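S.K.: Chains as they are written, first to last, in my numbering: chain A, 1 to 230; chain B, 1001 to 1285.
Glycine residues also receive a C-beta, built at the ideal position from the N, C-alpha and C atoms.
Quantities reported herein were computed from a predicted structural model and do not represent experimental measurements.
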Amino acid sequence: MIKFTDVTKDYPKTGAALQNVSFHVKKGAFAFLTGHSGAGKSTALKLTYLADRPSSGEVRVSGFSTSRVTGREVPLLRRRLGIVFQDFRLLEDRTAEENVAFALEVTGARRSAIGPRVMRVLTQVGLASKANQYPRELSGGEQQRVAIARALVNDPVVLLADEPTGNLDERATRGIVQLLRDINASGTAVLMATHDLDIVKAMPEAHLVELQHGRVVYDSEEDAGPEAVA
Amino acid sequence: MSLVLRETFLAFRRAPLLSALSVTTIAFSLFVFGLFGLVALNIRLTIGDVAERVEVVAYVKRGTPVEVVTVAAADIQAFPEVEAVAHVSETEALARARRDLREFQDIFQDLEANPLPASIEVQLKPPFRNATTAAEVAHRLQAFTFVDDVRYGRDWVENLDRLRNVAAAVGLVVGAAFALVAIIIIGTTIRMAVLQRAGEIAIMRLVGATDGFVRAPFLLEGLAKGVLGGLAALGLSYGAWALIDSYLIRAAFFTPGQAALGMAAGGVLGLLGSAVSVGRHLRNV
């Protein structure tokens, strides 16, 4: 599903963000990517949705490989992924429904198919009643639910979440995590970057990869040694 | 396609101020260019009017039979540079002198014999109304045995040539400078529109929009703004021309073809400006 093989990523100005990183998130898994800020979590996610290419090594995502994929194929990969961010990244001048529909429209989906699919995912995230509200009229947790609905509407094989609860209070955080678990239970793999260890501890069965200074220091699915997460 | 149209329309509706600002900026930079175009156009027309008077006159020796002159005139008419040939007889020359030179009327009235020679007046085709061709044709006319003398106002024609060269050079340089300024201003305006929507572009790409899909509404928007700006510039130019024409000097306005060309240029500028701005943006993010 997602496979990092000996991945190094150097940035010209800031130096190495990832060094010899290898891990494998299996189909349908729920995986955490943890570590302090600056540990390389976001860089790893960026390589996963091909916003960037590794300096060396290979990232494989759902049949696409960074060593072979062309610029033209990147949008095709993105349509198989759902991506969620800490800052939601919704279009402020469109309603919740329009924000979700947007993700289908850009893929050239038939208009008649868009409406029902949008309502289905909005219902799934519990926001069917707020479909016509604008992001500024929604709470942080609700905005993140819209973002998740948008990520789900293309039926992704994996949902990537970069600190999805970073801007949310505890109650909203619990709601979002539960939603991600439900999504995972219905078959979609989830790869979530977070530095919130409470979330991680609450899901001991999840796959856990911990990064420190750009290196993998713990991987619950490898015999990675004693440097386990605190 | 309908989605592209909708997104383009939305872009105008969501940022009416910025859109109006872009159209206005484009309109004014094209207006300045249009004013310059009007000046250049009128200078060219005026020089053309003056050049119409470029004429080579061959004076015919006294006593030459009319038939000889007529045959020669037909030959001269066949020169590739020649537009028209007129044969002015001695009598016609005198009549013309009496009519045109009223202050010498008395002298012409009291004449016993006509002192004026017959002549062949040769008009050149527009592209040949210059000193080199006039001299060339004069030289050829001189070769006819019945021709006494050939005149074409050498100094005057040479001055006209010089004026034409200066006008063309200034027009080219100033026109290119104005066009460049217009392109830069329009490019910057469109870049602002692209940057204003950088977040939207980033989101479009995240959810799997192809570059072509991201680009299309911007290109259409640029085209629309360019054409609207061109239309406004045409209106402004027309207003300026109408004022000048009625209060200052008689002037010519663009032909419909030239006006359409100007609007098309506005559209192309908008389209290219957008293509460059969006292309650069897409490469950098």
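Would you identify the three-state DSSP class for LYS3 (chain A), choosing helix, strand or coil?
M.R.: Strand at LYS3 (chain A).
S.K.: Can you find a C-beta in chain B that's less than 8 angstroms from the C-beta of GLU227 (chain A)?
M.R.: For GLU227 (chain A), the pLDDT reaches just 49, beneath the cut-off of 50, and the residue's location in the model is therefore unreliable, leaving the point undetermined.
S.K.: What's the gap between the Cα of VAL1161 (chain B) and the Cα of GLY1279 (chain B)?
M.R.: The question names Val, but residue 1161 (chain B) is Asp in the sequence shown. Cα to Cα, the separation comes out at about 46 angstroms.
S.K.: With 8 angstroms as the threshold, decide whether the Cβ of ILE1213 (chain B) is near any Cβ in chain A.
M.R.: Reading off the sequence shown, one finds Phe at residue 1213 (chain B), where the question assumed Ile. So, interface residue.
S.K.: Any idea if GLY1277 (chain B) is buried or exposed, counting beta-carbon neighbours within 10 angstroms, 16 or more meaning buried?
M.R.: One point to set straight first is that residue 1277 (chain B) is Ser, not Gly, in the sequence displayed. Under this definition SER1277 (chain B) is a buried residue.
S.K.: Could you check which residue in B:THR1189, B:GLN1142, B:ASN1042 and B:ALA1179 has the C-alpha nearest to that of ARG1250 (chain B)?
M.R.: Residue B:ASN1042 is the option with its Cα nearest to ARG1250 (chain B).
S.K.: Using a Cβ-Cβ cutoff of less than 6 angstroms, which residues in the same chain neighbour GLY175 (chain A) once the five nearest sequence positions on both sides are dropped?
M.R.: Closer than 6 angstroms at the Cβ level, and outside the excluded window around GLY175 (chain A), lie GLY141.
S.K.: So, for LYS9 (chain A): in the same chain, excluding its five sequence neighbours on each side, which residues have a beta-carbon less than 6 angstroms away from its beta-carbon?
M.R.: Excluding residues within five positions, the ones whose Cβ falls inside 6 angstroms are ALA17, LEU18, THR43, PRO54 and SER55.
S.K.: Any beta carbon from chain B within less than 8 angstroms of PHE102 (chain A)'s own beta carbon?
M.R.: Chain B contact via Cβ: present.
S.K.: Just to confirm my understanding: we take VAL1150 (chain B), look at its own chain, exclude 5 residues before and 5 after, and list those with CB closer than 6 angstroms. What are they?
M.R.: Once the five neighbours on either side are set aside, the close Cβ partners of VAL1150 (chain B) are ALA1058, ALA1138, LEU1141 and GLN1142.
S.K.: Might you give, ordered along the chain, the residues of its own chain that have their beta carbon closer than 7 angstroms to the beta carbon of ALA1259 (chain B), omitting 5 neighbours on each side?
M.R.: Once the five neighbours on either side are set aside, the close Cβ partners of ALA1259 (chain B) are LEU1234.
S.K.: Given ARG1129 (chain B), which residues of its chain have a CB within under 6 angstroms of its CB, disregarding the five upstream and five downstream residues?
M.R.: Excluding sequence neighbours, ARG1129 (chain B) sits near ALA1051 and VAL1054.
S.K.: In chain order, what residues of the same chain have a beta carbon less than 7 angstroms from the beta carbon of GLY225 (chain A), not counting five sequence neighbours either side?
M.R.: Because GLY225 (chain A) carries a pLDDT of 47, less than 50, the predicted location of this residue cannot be relied on, and no value is offered for it.
S.K.: In the DSSP assignment, find the unbroken alpha helix (DSSP H) run with GLU1221 (chain B) in it and report its ends.
M.R.: 1211-1243 is the extent of the alpha helix (DSSP H) around GLU1221 (chain B).
S.K.: When DSSP labels each residue in this structure, what does ALA230 (chain A) get in the three-state scheme?
M.R.: Because ALA230 (chain A) sits at a pLDDT of 42, beneath the cut-off of 50, its placement in the model cannot be relied upon, and the point is left open.
S.K.: Which of helix, strand or coil does DSSP assign to ILE183 (chain A)?
M.R.: Reduced to three states, the DSSP call for ILE183 (chain A) is helix.
S.K.: For VAL1069 (chain B), write down the residues that DSSP places opposite it in a beta bridge.
M.R.: DSSP output for VAL1069 (chain B) lists no bridge partner at all.
S.K.: On a Cα-Cα basis, can you pick out the residue from B:GLY1270, B:LEU1282, B:LEU1172 and B:GLY1212 that is closest to LEU1030 (chain B)?
M.R.: Per the Cα distances, B:GLY1270.
S.K.: Please compile the residues from chain B whose C-beta is within a distance smaller than 7 angstroms of the C-beta of THR14 (chain A).
M.R.: Those do not exist, as THR14 (chain A) stays about 18 angstroms from chain B at its closest Cβ, beyond 7 angstroms.
S.K.: To the nearest angstrom, how far is it from the Cα of ARG117 (chain A) to the Cα of VAL153 (chain A)?
M.R.: Distance between the alpha carbons of ARG117 (chain A) and VAL153 (chain A) is about 7 angstroms.
S.K.: Can you list, in chain order, the residues of the stretch 1178-1204 of chain B whose Cβ is nearer than 9 angstroms to any Cβ on chain A?
M.R.: Listed by position along the chain: GLY1199, GLU1200, ALA1202, ILE1203 and MET1204.
S.K.: Within a Cβ cutoff of 7 angstroms, which residues of the same chain sit near VAL1060 (chain B), ignoring the five residues on either side of it in sequence?
M.R.: Only VAL1069, PRO1117, ALA1118, SER1119, ILE1120, PHE1146, VAL1147 and ASP1148 meet the Cβ criterion.
S.K.: Can you check whether the C-beta of LEU1003 (chain B) is within less than 8 angstroms of a C-beta belonging to chain A?
M.R.: Closer than 8 angstroms: yes.
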